[in-house]
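**Q** Numbering (this note's numbering), first residue to last: 12 to 150.
Even for Gly, the Cβ is constructed at its ideal location relative to N, Cα and C.
So that we are looking at the same thing, I have put the structure below in C-alpha cells.
Below you can see the structure in the form of C-alpha cells.
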C-alpha cells in the first residue's frame, strides 16, 4: 500500500494494514489457498526498508487472523514518527485450502465470522471490491 505522501500517522498505517490484509485474505480465498506465514515490508522516505515475517499458528486465509498478525508485526517494529512511504504485506508458504488443517473450537463466533467472510467475498465479487469494507476504511 503506497501512500500519496510520506505518512507519519500510525492510525493511517494501521488502516493500510487492515485494507491490505483484507484484500490478501480475499485473494487467497478466491484462489482456494492458505498461507503459513506473513511478511511485512515497511518502506521509508529515505528509501530504506525493514522486513519482518512471522509464521502463523495454523495455515489460514482468514482476514481477521492476517490482520492480527500484520498488526503484531507492525507493533514489534516500534516505529515512532517514522516517515513511511509504503507498507507491503506478503503471504508465504502457500498451500491448498482443502488440505489445510483447522483447529476446531466450540466457539460459535469463529464459525459465524468465517461464514460472514464468505458472504462478504460473494458480495465483493458481484458488486465490486468496495461493496463490503470495514467501517474504519469507509471514510
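(1) For residue 63 versus residue 31, is the C-beta spacing smaller than 8 Å?
(2) Cβ atoms of residue 95 and residue 15: under 8 Å apart, would you say?
(3) Buried or exposed: residue 130, going by 16 or more other Cβ atoms within 10 Å of its Cβ?
(4) Assign residue 41 to buried or exposed, taking buried as 16 or more other Cβ atoms, counted over all protein chains shown, within 10 Å of its Cβ.
(5) What three-state label does DSSP hand residue 28 in the structure shown?
(6) Would you report the Cα separation of residue 47 and residue 83, rounded to the nearest angstrom?
(7) Go to residue 102, then tell me how far its beta strand (DSSP E) extends in each direction, as first and last residue.
**A** If we stick to the structure as given:
(1) Taking the chain shown and counting its residues from 1, the one referred to as residue 63 is at position 52. Taking the chain shown and counting its residues from 1, the one referred to as residue 31 is at position 20. Contact flag unset, no.
(2) Along the chain shown, one-based indexing puts residue 15 at 4. Along the chain shown, one-based indexing puts residue 95 at 84. Result no, Cβ atoms of residue 15 and residue 95 do not sit closer than 8 Å.
(3) Numbered from its first residue, the chain shown carries residue 130 at position 119. Flag for residue 130 reads exposed.
(4) Looking up residue 41 in the chain shown gives position 30. Exposed, because fewer than 16 other Cβ atoms sit within 10 Å of the Cβ of residue 41.
(5) Within the chain shown, the letter at position 17 stands for residue 28. Three-state DSSP puts residue 28 in a helix.
(6) As a working note, residue 47 is residue 36 in the chain shown. As a working note, residue 83 is residue 72 in the chain shown. If I take the Cα positions, the gap works out to 16 Å.
(7) Along the chain shown, read from residue 1 onward, the residue named residue 102 stands at position 91. Element bounds for residue 102: 95 to 103.
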